[in-house]
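Enquirer: In the numbering used here, the protein residues as written are 42 to 497. Ideal Cβ placement from N, Cα and C applies to all residues, glycine included. Submitted below is the structure of interest, expressed as C-alpha cells.
Okay, structure coming up:
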C-alpha cells in the first residue's frame, strides 16, 4: 500500500484546522495543522510535505510572504491558498507566485476534496515528469573533457533555453542526434514532444507526406488520415537529420513551412499553424552544396541561425577512453553482466585506432566486446581481432535479445577465425586462446561443419 499523502494546514484558526483535518483524514490523507508561518517553515525544513493549505491572514508573516519563502526553500511544493478576506488582486498575485488554487472561506467540503485530489494528481504528474527528464538527461548525456567537446557543451547551454533554430554539423557517428536531444531536454519545451526524421531514409515521393501528413485518399496507399512530423512536434521540438539530402522540391516546401510556421497537409485544403522549435543536422558541407546549386541558399540562411559543429573523434583522442569506459559500464549493466575492465594494451589499441566511424563505431565495438568476451578484463589482442574482422561488422541493433546477440556474434567470430587459419582447428583454437575441446563444442553448438582436416 502506498504511503498516505501528507497535507499541512496552516491557519491560525484551530477550529478550521481541526475541521479540515477531519475531512481529509477521513479520505485517507495524513494531515497536520500549525497556526503560523514560522511553524510551517520549520516543519517544511524537517519533513516532506505533499500539499500545503495556506491561509492568507496569519500572525507575523501573511500567506503571500510565506508562499514566497516556500518558493525559496521548497520550490515545487504544491500550495493551495485559503482566505475569507482576499481580493482578486491578491488571488492573482498568489497564482503568479505559483499557488495551485485559491479557496474562498467559508470552505465547501466537496470543493476542498476535489481541489486537494486534483492538486495531488498534478503533483504526481510533475514528479513523474521530473523523473522522466532526469532519466532522459542521463540517457542523452555527452561524455568527454576535450576542448572540442567542452565547446559543444557551452554552445548547448547557451542555445537550449532559447527558441533559436539550430544547425548541427559533423561527420557521421559524431553524435548529432545526441546533441539535438540535449538541446531539447534542457529547453523550456522539455516536457513536450521531441519528433525526429532522417530525411535521407525517406523516399523523395513520400517526404512531403512524412513532413506534413496526408488525408485519406490523397494518393495511392493513403488509406487513413495521418499527421506529419510538423503536426506531431507541435509545442515541442522537430529534429530533421541529414537535411542536406532533401530534394530541391522538398527544400522549397520545407522553407515555406518554417518561414510561416504553417503546414499544408497533403490532400487537404487548409493549413495548420504549428508552434515548433527547429533543429537540423547534416554531415554534408551545405555551403559547398549551395555553390553547386544542390541546396537552396535561402534555406541555408533560414536553418543556419545557430551552428554547433561536433569535432570527429580522431580530433579529440582524450575522449576515447572515457567514452569506452562509459559504454563498457552501460552495456554490462544493461545485460546484467559483471563489470569488465580494459587492460593497458587494450587502451593502447583504442587510442591508436583512427575511428573513421567516430563515436558510433566505438560504441558498437564496445557492445560487441561485452557480448563476445567472458573475461573480466578485455585485452588489446581481443579488440584488434574485432577491429580487423570485417565479417563481424553486423548491426547489433537488429538483435533484441542479449543471448541471441551473443550467439550470433560468437558464431560469426569463430567463422572468421577459422577462415583466417585456413580452417585449421588447432591453429584457430590457439589464436582464440581457447581450449580445443571448447572450440569443438562451439562448432557443434553452432552447426559449423565446413571443416578441413586438422594439421597435427
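Quick check on DSSP: helix, strand or coil for residue 70?
Expert: Reduced to three states, the DSSP call for residue 70 is coil.
Enquirer: In whole angstroms, what is the alpha-carbon distance linking residue 243 and residue 282?
Expert: Roughly 11 Å separates the two Cα atoms.
Enquirer: Please confirm whether any heavy atom of the ligand MG lies closer than 7 Å to the CB of residue 102.
Expert: The ligand content of the structure shown is nil, which means the ligand MG is not present either.
Enquirer: So, with DSSP's three-state summary, where would you put residue 104?
Expert: Three-state DSSP puts residue 104 in a helix.
Enquirer: If we count Cβ pairs, one from each stretch, closer than 8 Å, do we get three or more for the region 366-386 versus the region 396-412?
Expert: Contact between the region 366-386 and the region 396-412 is present, because at least three Cβ pairs lie under 8 Å.
Enquirer: Between 415, 338 and 386, which lies nearest to residue 448 when the distance is taken from Cα to Cα?
Expert: Taking only the C-alpha atoms, the option nearest residue 448 is 415.
Enquirer: To the nearest angstrom, report how far apart residue 143 and residue 292 are at their CA atoms.
Expert: If you take the alpha carbons of residue 143 and residue 292, they lie about 51 Å apart.
Enquirer: Measuring CA to CA, which of 332, 349, 70 and 317 is closest to residue 161?
Expert: Minimum Cα distance to residue 161 is reached at 70.
Enquirer: Just the Cα atoms here: how many angstroms apart are residue 480 and residue 455?
Expert: If you take the alpha carbons of residue 480 and residue 455, they lie about 9 Å apart.
Enquirer: Can you list, in chain order, the residues of its chain with a C-beta nearer than 8 Å to that of residue 485? Leave out the 5 residues immediately preceding and following it.
Expert: Closer than 8 Å at the Cβ level, and outside the excluded window around residue 485, lies no residue.
Enquirer: Is the beta carbon of residue 419 sitting closer than 8 Å to the one on residue 383?
Expert: Yes; because the gap between Cβ atoms is below 8 Å, this pair is in contact.
Enquirer: Taking the C-alpha atoms as reference points, what is the distance between residue 457 and residue 189?
Expert: Their Cα atoms are separated by approximately 38 Å.
Enquirer: Which word fits residue 299, buried or exposed, when buried means at least 16 other C-beta atoms lie within 10 angstroms of its C-beta?
Expert: The residue in question, residue 299, is buried, as its Cβ has 16 or more Cβ neighbours within 10 Å.
Enquirer: Would residue 339 be called buried (16 or more neighbouring beta carbons within 10 Å of its own) or exposed?
Expert: It is exposed - the Cβ of residue 339 has fewer than 16 other Cβ atoms within 10 Å.
Enquirer: Given this structure, state the Cα-to-Cα distance separating residue 305 from residue 296, to the nearest angstrom.
Expert: Their backbone Cα atoms lie some 13 Å apart in a straight line.
Enquirer: Over what stretch of residues does the alpha helix (DSSP H) that includes residue 350 continue unbroken?
Expert: From DSSP, residue 350 is part of no alpha helix (DSSP H) but of the beta strand (DSSP E) over 347-350.
Enquirer: Secondary structure at residue 495, three-state DSSP: helix, strand or coil?
Expert: Summary for residue 495: the model assigns pLDDT 44, below 50, so the residue's position carries little reliability; its value from the coordinates is reported in the next sentence. Coil at residue 495, not helix or strand.
Enquirer: Going by the DSSP bridge assignment, what does residue 319 pair with across the sheet?
Expert: In DSSP, residue 319 forms a bridge with 279.
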